[in-house]
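Worksheet: the structure to be examined is printed underneath.
Number of protein chains: 2
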Amino acid sequence: MSTCGSTAPEKESGEKTAGPRRAGRPLDAAKRQVIVEAAAHLFFHDGYAATAIEQVAADAGVSKVTIYNQFGDKRALFTAAVECECEKMRGHFSLETMPAGNIRDRLTAIGEAIFAFLFRPEMMQFERRIAAETEIDPAIGAAFLEAGPWRMKQGFAAWLRHAVAGGELAIDDPELAAEQFVSMCKGMGDLECRFGAAVTPENSARRIAGAVDVFLAAYDARPQR
Amino acid sequence: MSTCGSTAPEKESGEKTAGPRRAGRPLDAAKRQVIVEAAAHLFFHDGYAATAIEQVAADAGVSKVTIYNQFGDKRALFTAAVECECEKMRGHFSLETMPAGNIRDRLTAIGEAIFAFLFRPEMMQFERRIAAETEIDPAIGAAFLEAGPWRMKQGFAAWLRHAVAGGELAIDDPELAAEQFVSMCKGMGDLECRFGAAVTPENSARRIAGAVDVFLAAYDARPQR
DNA sequence: TGATTAGTGAACGCAAGCGTTTAAATGAAC
DNA sequence: GTTCATTTAAACGCTTGCGTTCACTAATCA
Chain D
28 MSTCGSTAPE KESGEKTAGP RRAGRPLDAA KRQVIVEAAA HLFFHDGYAA
78 TAIEQVAADA GVSKVTIYNQ FGDKRALFTA AVECECEKMR GHFSLETMPA
128 GNIRDRLTAI GEAIFAFLFR PEMMQFERRI AAETEIDPAI GAAFLEAGPW
178 RMKQGFAAWL RHAVAGGELA IDDPELAAEQ FVSMCKGMGD LECRFGAAVT
228 PENSARRIAG AVDVFLAAYD ARPQR
Chain C
28 MSTCGSTAPE KESGEKTAGP RRAGRPLDAA KRQVIVEAAA HLFFHDGYAA
78 TAIEQVAADA GVSKVTIYNQ FGDKRALFTA AVECECEKMR GHFSLETMPA
128 GNIRDRLTAI GEAIFAFLFR PEMMQFERRI AAETEIDPAI GAAFLEAGPW
178 RMKQGFAAWL RHAVAGGELA IDDPELAAEQ FVSMCKGMGD LECRFGAAVT
228 PENSARRIAG AVDVFLAAYD ARPQR
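And the structure:
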């Protein structure tokens, strides 16, 4: 459980501008946290429009007025939920703990890890919602790209650079190569998932194996034959 | 302008079941067509929830009651709009008219055509909407996959098989290879577009060129060196 | 202790929008 | 020409849900 929201950067829009010190009872940070958590769950499960503030209040065990007190309006609450989720995402994925082995096995493991991470139902839901809301507020989409895909791409590109330095791979443009590998792993599974078709484990395995094959055909520094 | 809707298959839900012949004034097929057209525009531009039936009626130059007469309710109208759009899509993309040249140039041309087709703003909008509504009605997503991505994949796989038969490419699994090529062409441009980031022509060109390079490294039947 | 602010629960005002109804006009079939 | 269903315009009922107000209680600062 992360602490996003409890130390939120005090935006001016709608939220009370907390000066050096205010008289009277302070805002309850714990409640704020519970509210954001409940809101995130509902927003990303049911959608923005389909989520009623009253329901968020009920789930959070809090009065509706408290929500308006803390966030100002529904959009601000949604933004806070997105920030919270992005914050969680930042910590979630890392390539540090990948197993050893030859380059082929390691790539396969990475492909599987990426796949497992991206294709979780919650992640698909989250992506769908963010995409829908990006039209209304582009900053939401930008925050997601920064926290998720771009960050991941940089991490994987760094990993590839390391393998290049070690003489295992020969890559001119690691960023591009990173995109290519991840894209091939996803293949059409991406679309199928988003549009409600079942993605079978066999298909996924085939895609990952195929991605490794093609990737190594292009970038292996010491081909087997 | 296609004629989708005017010869709709007379679903039982909400729509009048037209037997062999009914007495009185028949439903106006031309109006039905105009309504679907207007509805599609609004639904895919503003979203399902944000589209008011009254607005559809106004845009179509038709009474609201006529819409309820023809379609029954809002969801049925949306479904009709999706079917109409899918029908249009079926005719739109073909690889028949690709230019001649060596395999490298032809692949590049195909990559560019695919890219141009998929990244049109209307297409991105359409995809977003369909994804959002798939949760409510999975049949909508399935219809889209059938009419769009899967169809396209089959077409491209057939093209690849042809190139294999001609001795230009060496591919075991053309369906998988088709996915890989298209996925690499899209790269992260897909995500960036969906989440509101600008996709520069330079990046797109780089992705397509990179896709061709990697694809040929893996599948070229007669490598240059 | 007293001022100030947050939290609660209930009620309200208000706007949007779906789907229906009415009464009159239109148009196709027989 | 009669018959019957569709079309139209306007109005209505109804639901949902945002955001606010009120009276009251609880917590914190000075």
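Chains D and C supply the protein sequences, listed in that same order.
For the first sequence, our numbering gives the first residue as 28, with consecutive numbering after it.
For the second sequence, our numbering gives the first residue as 28, with consecutive numbering after it.
Note that beta-carbon positions come from the ideal geometry of N, C-alpha and C, so glycine has one too.
1) Name the chain C residues whose beta carbon is nearer than 8 Å to that of Gly168 of chain D?
2) Looking at the structure shown, is Asp247 of chain D part of a helix, part of a strand, or coil, going by DSSP?
3) When you compare each of C:Gly237, C:Gln181 and C:Ile80 to Phe98 of chain C by their alpha carbons, which one comes out closest?
4) Pull up the distance between the alpha-carbon of Asn257 of chain C and that of Ala184 of chain C, whole angstroms please.
5) Straight-line CA distance for Arg249 of chain C to Asp247 of chain D?
6) How many Å lie between Cys212 of chain D and Glu206 of chain C at the Cα?
7) For Ala158 of chain C, which of C:Ala84, C:Pro53, C:Phe171 and C:Gly216 has the nearest alpha-carbon?
8) Name the chain D residues whose beta carbon is nearer than 7 Å to that of Ser210 of chain C?
9) With a threshold of 16 other CB atoms inside 10 Å of the CB of Glu123 of chain D, please say whether the residue is buried or exposed.
10) Could you tell me which of C:Ile137, C:Glu162 and C:Met151 sits nearest to Lys180 of chain C, measuring between CA atoms?
11) Expressed to the nearest angstrom, what Euclidean distance is found between the alpha-carbon atoms of Thr106 of chain C and Asp199 of chain D?
12) Would you tell me roughly how many angstroms separate the C-alpha atoms of Gly88 of chain D and Ala174 of chain D, rounded to the nearest one?
13) Mind listing the chain D neighbours of Asp240 of chain C? Cutoff is C-beta to C-beta under 8 Å, in chain order.
14) Helix, strand or coil for Leu196 of chain D? Go by DSSP, reduced to three states.
15) Determine the direct distance from the alpha carbon of Arg188 of chain D to that of Ser121 of chain D, and round the result to whole angstroms.
16) Output needed in chain order: residues of the segment 147-165 of chain D with a Cβ under 7 Å from some Cβ in chain C.
17) Quick one: Cα of Ala57 of chain C to Cα of Ala57 of chain D, how far?
18) At least one CB of chain D closer than 7 Å to the CB of Phe120 of chain C: is that the case?
19) Flag this pair as yes or no: are the beta carbons of Phe153 of chain C and Phe71 of chain C separated by less than 7 Å?
20) What three-state label does DSSP hand Leu122 of chain C in the structure shown?
21) For Pro250 of chain D, which residues in chain C fall below 8 Å Cβ to Cβ?
22) If we define contact as Cβ-Cβ less than 7 Å, is Gly138 of chain D a contact residue for chain C?
23) Find out if the Cβ-Cβ distance for the pair Gly223 of chain D, Pro176 of chain C is shorter than 7 Å.
24) List the residues of chain D that Ala76 of chain C touches, going by C-beta distances under 7 Å, in chain order.
25) For Val83 of chain C and Gly74 of chain C, what's the separation of their Cα atoms in angstroms?
Put simply:
1) Arg221, Phe222, Gly223 and Ala224
2) strand
3) C:Ile80
4) Past the edges of chain C, shown from 28 to 252, lies residue 257 of chain C, and the structure says nothing about it.
5) 19 Å
6) 10 Å
7) C:Phe171
8) Ser210, Met211, Lys213 and Gly214
9) exposed
10) C:Ile137
11) So the two alpha carbons sit approximately 47 Å from each other.
12) 30 Å
13) Ala245
14) strand
15) 16 Å
16) Cβ contacts with chain C: Arg155, Ile157, Ala158, Ala159, Thr161 and Pro165.
17) 60 Å
18) So, not an interface residue.
19) Yes, the pair counts as a contact, with Cβ atoms nearer than the cut-off.
20) coil
21) Here the premise fails: no neighbours, minimum Cβ distance about 10 Å.
22) False, the Cβ-Cβ gap to chain C never drops below 7 Å.
23) no
24) Ala76
25) 13 Å
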